[in-house]
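2 protein chains.
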Amino acid sequence: MTSPVTSPATPIRLLLADDHPVVRAGLRAVLETEPGFEVVADVPTAEEAVELAGRCEVDVVLMDLQFGGRMLGSQATAAITARAGAPRVLVLTTYDTDADILAAIEAGATGYLLKDAPPEELAAAVRTAAAGKSALAPTIALRLMDRMRTPATALSRRETEVLQLVADGLSNAAISKRLFLSQATVKSHLVHIYSKLGVDSRTSAVAAATAKGLIRR
Amino acid sequence: MTSPVTSPATPIRLLLADDHPVVRAGLRAVLETEPGFEVVADVPTAEEAVELAGRCEVDVVLMDLQFGGRMLGSQATAAITARAGAPRVLVLTTYDTDADILAAIEAGATGYLLKDAPPEELAAAVRTAAAGKSALAPTIALRLMDRMRTPATALSRRETEVLQLVADGLSNAAISKRLFLSQATVKSHLVHIYSKLGVDSRTSAVAAATAKGLIRR
DNA sequence: TCGGGCATCAACCGAAGGGTTGATGCCGGG
DNA sequence: CCCGGCATCAACCCTTCGGTTGATGCCCGA
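These protein sequence lines are chains A and B, in that order. Going by this note's numbering, the first sequence opens with residue 23, and the numbers climb by one from there. Going by this note's numbering, the second sequence opens with residue 23, and the numbers climb by one from there.
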């Protein structure tokens, strides 16, 4: 066979964005040993990721979700994918809460991986993402299925937002000011949340939502 | 001077324990480029860390705190440091809650670092630990100072018990039944908790205590 | 021994949260 | 096109929570 194959004529160009130096080094080490990959750069902030993704020729961005600083990975993802001819964004995070996953997917992420993924899975996901196909970790896929199956558990975006603030310890009055709502609306959201979660108080709602991974910490 | 120094006659032998393959690769990459270090092995579980630390000649163990599996990093740390001639254990984790830090130090950890530490800091901490000296990240040191300075932050056993139930979503009435108390007593405990944490509601108390690592999630 | 922290309880009051009803506007799927 | 879910708000009522005052008993350390 005159196979024209095995030629990585154009390797997959990667941009790594993670605020942990150790993780960046680890991703580099894992991915550079893999054939067909080329790490163009690695950056410690979401802002730099957005900037470099626009300036450089990159196929896939590996993006952390929580950065120490202000900009969130999901915002950066949205900023990157908004442009025409944008690279694919593969979200790579430690957590698998519903809120994070949905935010990332809505922001235009092509895939969602957990950092405890083995190297092969990681490499496979990158190739899948580079091909423009969706790459979800098994855990994530399961969680999404779960969410589909029981729409009762699925809080709306606004409800999640309110509940997150409740979990942060804010009063209804404080939440209403923060979100530019009336207290009546906040209470209304809470009543819906309670019925969806099968609870009857703000504290138990936080406990239930935390257990289900609907909100952060 | 006939200095007998600068000779890395015996490099510092390291054992890496972390359930994230990417992090293990990253630590390897970061530490092996550093002169005077030798990574003996890296393992994905706390159990293997304990076993290898006993079998091999190791100077410093870099230990994660949260493993996917059952055994905790703090338990593994205790098991390793309990033996005579044991290697030093340097805890390396993502989180910096009081509970984690204290558990690690009580377990006999020589140092406590956060994973977002830059490589130089990491290397310096390993050398410090190898020399038998305590190596705490600045953030951690600050937090400990804080705890010492304001013993008010330390909740009593009973108060912690009550607050944990609050975090689980129980009402005062439910808590009083669970603990065989009157509601008055529960409220009394809560008032003390609020003043110690500097908050003014049950939900914000839970948020504050969770942030400080005083209760489990 | 005496003060002080911890744990326990009572009674009280105002405020915040919880629950209901009802209403409006928007949007998307059947 | 109309129904239903989402998001918004108002008015009302009742319960729980939050905060205070005050009191008892225990135990520990100065």
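C-beta atoms are modelled at their ideal positions from N, C-alpha and C, and glycine is treated no differently.
Chain-ordered neighbours of residue i on chain B, where CB pairs are closer than 9 Å
i: residue 218 (chain A); result: Those within 9 Å of residue 218 (chain A) in chain B number zero; the least Cβ separation is about 15 Å.
i: residue 50 (chain A); result: 47, 48 and 51
i: residue 90 (chain A); result: 138
i: residue 228 (chain A); result: 189, 191, 225, 228 and 229
Per-residue DSSP class, three states only, for residue i
i: residue 185 (chain A); result: helix
i: residue 35 (chain A); result: strand
i: residue 110 (chain A); result: strand
i: residue 134 (chain B); result: strand
i: residue 177 (chain A); result: coil
i: residue 74 (chain B); result: helix
i: residue 119 (chain A); result: coil
i: residue 158 (chain A); result: strand
i: residue 164 (chain A); result: helix
i: residue 126 (chain A); result: helix
Beta-carbon proximity list for residue i, same chain, < 7 Å, skipping 5 on both sides
i: residue 23 (chain B); result: Low confidence applies here, because residue 23 (chain B) scores a pLDDT of 44, under 50, leaving its location unreliable and the question unanswered by this model.
i: residue 52 (chain A); result: 141 and 144
i: residue 139 (chain B); result: 159
i: residue 126 (chain A); result: 87, 96, 99, 113 and 134
i: residue 209 (chain A); result: 194
i: residue 241 (chain A); result: Only positions 23 to 239 of chain A appear in this structure, which leaves residue 241 (chain A) out of reach.
Alpha helix (DSSP H) segment containing residue i, residue limits
i: residue 80 (chain B); result: That residue, residue 80 (chain B), is in no alpha helix (DSSP H); it is neither H nor E in DSSP.
i: residue 48 (chain B); result: 43-54
i: residue 228 (chain A); result: 224-234
i: residue 144 (chain A); result: 141-152
i: residue 65 (chain B); result: Taken as a continuous stretch (DSSP letters only), residue 65 (chain B) belongs to no alpha helix (DSSP H), being part of the beta strand (DSSP E) at 59-65.
i: residue 219 (chain B); result: 205-219
i: residue 238 (chain A); result: Residue 238 (chain A) -> no alpha helix (DSSP H), and no H or E assigned at all.
i: residue 195 (chain B); result: 194-201
Chain-ordered chain B contacts of residue i [CB-CB under 8 Å]
i: residue 140 (chain A); result: 43
i: residue 133 (chain A); result: Within 8 Å Cβ-Cβ: nothing; residue 133 (chain A) doesn't reach chain B, min ~15 Å.
i: residue 113 (chain A); result: Those do not exist, as residue 113 (chain A) stays about 14 Å from chain B at its closest Cβ, beyond 8 Å.
i: residue 204 (chain A); result: In chain order: nothing, as chain B lies at least about 20 Å away.
i: residue 116 (chain A); result: 116
i: residue 188 (chain A); result: 225
Where the beta strand (DSSP E) through residue i begins and ends
i: residue 95 (chain A); result: Careful: residue 95 (chain A) lies outside any beta strand (DSSP E), inside the alpha helix (DSSP H) at 95-104.
Own chain partners of residue i with C-beta closer than 8 Å, once the 5 adjacent residues on each side are dropped
i: residue 156 (chain B); result: 132, 133 and 150
i: residue 36 (chain A); result: 53, 59, 60, 61, 62, 80, 81, 82, 83, 84 and 148
i: residue 196 (chain B); result: 187
i: residue 73 (chain B); result: none
i: residue 184 (chain A); result: 197, 201, 208, 211, 212 and 215
Chain-ordered neighbours of residue i on chain A, where CB pairs are closer than 7 Å
i: residue 68 (chain B); result: Going along chain A, no residue has its Cβ under 7 Å from residue 68 (chain B), so there is no contact; the nearest lies around 14 Å.
i: residue 234 (chain B); result: In chain order: nothing, as chain A lies at least about 12 Å away.
Classification of residue i by the beta-carbon crowding that lies within 10 angstroms, buried from 16 upward
i: residue 48 (chain B); result: buried
i: residue 222 (chain A); result: exposed
i: residue 164 (chain A); result: exposed
i: residue 29 (chain B); result: Confidence is the limiting factor: at residue 29 (chain B) the pLDDT is only 45, short of 50, which leaves the residue's position unreliable, though a coordinate-based value still follows. Under this definition residue 29 (chain B) is an exposed residue.
i: residue 109 (chain A); result: buried
i: residue 228 (chain A); result: buried
i: residue 75 (chain B); result: buried
i: residue 180 (chain B); result: exposed
i: residue 137 (chain B); result: buried
i: residue 213 (chain A); result: exposed
i: residue 199 (chain B); result: exposed
i: residue 226 (chain B); result: buried
i: residue 89 (chain A); result: buried
i: residue 32 (chain A); result: exposed
i: residue 152 (chain B); result: buried
i: residue 66 (chain A); result: buried
i: residue 154 (chain A); result: exposed
i: residue 18 (chain A); result: Nothing in the structure corresponds to residue 18 (chain A), since chain A is present only between 23 and 239.
i: residue 233 (chain A); result: exposed
Per-residue contacts from residue i into chain B (C-beta, under 7 Å)
i: residue 193 (chain A); result: 223
i: residue 198 (chain A); result: Neighbours of residue 198 (chain A) on chain B: none; closest Cβ ~15 Å, over 7 Å.
Contacts that residue i makes with chain A (C-beta to C-beta distance below 8 Å)
i: residue 98 (chain B); result: Ordered by position in chain A, no residue passes the 8 Å Cβ test against residue 98 (chain B), which lies about 17 Å from the chain.
Neighbourhood of residue i by C-beta, 6 Å cutoff - its chain only, sequence neighbours within 5 removed
i: residue 42 (chain B); result: none
i: residue 243 (chain A); result: For residue 243 (chain A) there is no data in the structure shown, the boundaries of chain A being 23 and 239.
Partner residues on chain A for residue i, Cβ-Cβ distance less than 9 Å
i: residue 148 (chain B); result: Those within 9 Å of residue 148 (chain B) in chain A number zero; the least Cβ separation is about 13 Å.
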